[in-house]
Amino acid sequence: EDLYQKGKVKSIGVSNYTVKHLAELLDHCTIKPHVVQNEFHPRFSDRKVLELCNQHAIKFMAYSPFGRGDLIDNPVIATIAKKHTVPPSQVLLKWSLQNGCIVIPKTSQRSRVKENFLDLDTFELDGEDLSQISTLQDNHKYCWDPETIS
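Under our numbering, think of the first position of the sequence shown as 382, with each following residue one higher.
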């Protein structure tokens, strides 16, 4: 907060916060965070954190939108990608965007960066797509679990 007040940083962010962590922070901070960055994908989407962020006008940034790459090969995602004639990566990114997230996919290949975002504005996932994707939710985390931090 001091660095923000002194103009040394433009925004404040936190990562891997649960509802408990974020609520505690909001109770004690003088400047709320501008962004919360958490793992968020069809297999693990903590909607309570997303809702709390929305209630406090905090941006939610999703990381690991492809899981560890295995979600790109998921049959449900593949079927939806085929329906919209887009790569599976775009279905996963669009899902995050339609859930109100800023999304940051990880790749080191320029061609994938271009493929990931080239035509995201040319299609929308409909209710049936979203319903099918929701069946993948099994609370599987690819990264560490912040619930173990008190």
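Backbone N, C-alpha and C define an ideal beta-carbon position, used for all residues, glycine too.
Environment of Ile-458 [buried if 16+ CB atoms lie within 10 Å]: buried
Option in Phe-447, Pro-414, His-422 with minimal Cα separation from Lys-440: Pro-414
Contact under 9 Å by Cβ, Ala-438 with Phe-421: no
Entirely enclosed alpha helix (DSSP H) segments - the stretch 430 to 475, minimum 4 residues: For the stretch 430 to 475, the full-length alpha helix (DSSP H) segments reaching 4 residues or more read 456 to 465 along the chain.
Where Val-539 sits in the DSSP three-state scheme: No answer is possible for residue 539: the residues shown for the chain start at 382 and end at 531.
Member of Lys-495, His-465, Gly-481 whose CA lies at the smallest distance from the CA of Lys-487: Measuring C-alpha to C-alpha distances from Lys-487 to each of Lys-495, His-465, Gly-481 identifies Lys-495 as the nearest.
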